[in-house]
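Following the working numbering, the numbering of the sequence shown begins with 16 at its first residue and continues without gaps.
All C-beta atoms in this analysis are idealised placements derived from N, C-alpha and C, irrespective of residue type, glycine included.
None of these values were measured; they are calculated from a predicted model.
See structure below.
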Amino acid sequence: MFVQQAIAILDSGVGGLTVCKEVMRQLPREKIIYFGDTARAPYGPRSPEEVRLFTEQIVDYLIQFDPKLIVIACNTATAAALDYIKDKVNIPVIGVIHPGARAAISTTKTGKVGVIGTIGTIRSEAYTIALRELNPQIEIVSQACPELVPLVERGLYDTDEALFVVQNCLQELKEYPMDCLILGCTHYPFLKNSIQQVMGEKVTLISSADETAREISTVLHQEEGLARGNDIPVHQFFCSGDADMFRKIARQWLGEQIELTPIVWQVSSPVG
Ligand code: DGL
């Protein structure tokens, strides 16, 4: 591993930017190559086989840039393809489900945890397995919220429409006792305000982003691969769909980090 190589981050769309922002904050020297498969999002309703294929195509594309580590910043793709991709490439691959589960276990005081995610993630039971591995006594209530990702991809996260959709989605779930709710989809932190408003202040929202960035930092440290020097990294962002919408959402979400770090915007498709 060479310290100047980039960290590759992928998602079905803009959701992985929530992880990207945390990596920029915790590891400001690291160069990031990001791929959002906006043309084929959402991944949530697709079969695990299809999600695995799409993830493999993006990884094959990103590998050309010779990254030192790959982050599957998508819960749906982590559930469907993490082990497969780990076997396929010879660099470290990090998913977002174990970091999210770890963060919830260290936060909950009552041992009652909620999980929301895409249909694919909830159906895979990946969070239930990861949480029970850490604490078999944990009580879990999960729910798929397929309406949320399309809202975020359309840039409608801070709107009355978003609050209305979130209210409808979480109506039943909020009746269950829990002190933590895992945002088991990397798009959901965009809707954090609405979700918090609906769930109430007593429920702590858990996003995998923090803990995933910490895991990246630990792995790079162990492999002696942390970037050095004072050069400002030039990040590269790719998306397969509407570049204007992607750019708008990324600028809004990443905020000042974007001014600090020049970005080469390119549109590309992993399927040629
Ligand atoms: N952001 C992704 C996740 O964490 C995928 C959402 C989707 O494309 O349905 O699951």
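| Check | Outcome |
| --- | --- |
| Alpha-carbon spacing of D246 relative to L32, whole angstroms | 22 Å |
| Helix, strand or coil at C89 [DSSP, three-state] | coil |
| Beta-carbon spacing of V213, L185 below 9 Å | yes |
| D225 beta carbon near the ligand DGL (any heavy atom closer than 8 Å) | no |
| Distance cut-off 8 Å: V111 Cβ against heavy atoms of the ligand DGL | yes |
| Beta-carbon proximity check, M39 vs T125, cutoff 9 Å | no |
| Supposed close pair V181, L206 - CB separation, criterion 8 Å | 6 Å |
| heavy atom of the ligand DGL below 8 Å from G256 C-beta | no |
| Whole-angstrom C-beta distance between I112 and A95, which should lie under 8 Å | The Cβ separation is near 11 Å, so there is no contact. |
| E168 beta carbon less than 9 Å from that of G59 | no |
| heavy atom of the ligand DGL below 8 Å from V164 C-beta | yes |
| Spatial distance of P151 from T143 (CA atoms) | 10 Å |
| Which residues DSSP lists as bridging G199, in chain order | G132 |
| Beta bridge counterpart(s) of T219 as assigned by DSSP | C195 |
| Neighbourhood of L97 by C-beta distance below 8 Å, restricted to the same chain and skipping five residues each side | I87, V108, G110, I112 |
| Segment contact, 8 Å Cβ cut-off, at least three pairs: the stretch 252–261 with the stretch 60–67 | no |
| Beta carbon of Y203 nearer than 9 Å to that of V156 | no |
| K207 - DSSP class collapsed to helix/strand/coil | helix |
| heavy atom of the ligand DGL below 8 Å from T70 C-beta | no |
| Short Cβ contact (9 Å threshold) for L146 with I137 | no |
| Start-to-end residues for the beta strand (DSSP E) that takes in E71 | Here E71 belongs to no beta strand (DSSP E); instead the alpha helix (DSSP H) covers 63–78. |
| The ligand DGL heavy atom lying under 8 Å from the CB of P1 | Outside the displayed span of the chain (16 to 287) sits residue 1, for which this structure offers no information. |
| Alpha-carbon to alpha-carbon, Y76 and N90 | 20 Å |
| Q211 versus L188, A228, K46, A224, residue with shortest Cα-Cα distance | L188 |
| Neighbourhood of K101 by C-beta distance below 7 Å, restricted to the same chain and skipping five residues each side | V108 |
| Short Cβ contact (9 Å threshold) for A265 with V34 | no |
| Rounded C-alpha distance that separates R44 from A118 | 25 Å |
| Cβ-Cβ separation, K46 to P248 (assumed contact under 8 Å), whole Å | 4 Å |
| P60: CB within 8 Å of a non-hydrogen atom of the ligand DGL | yes |
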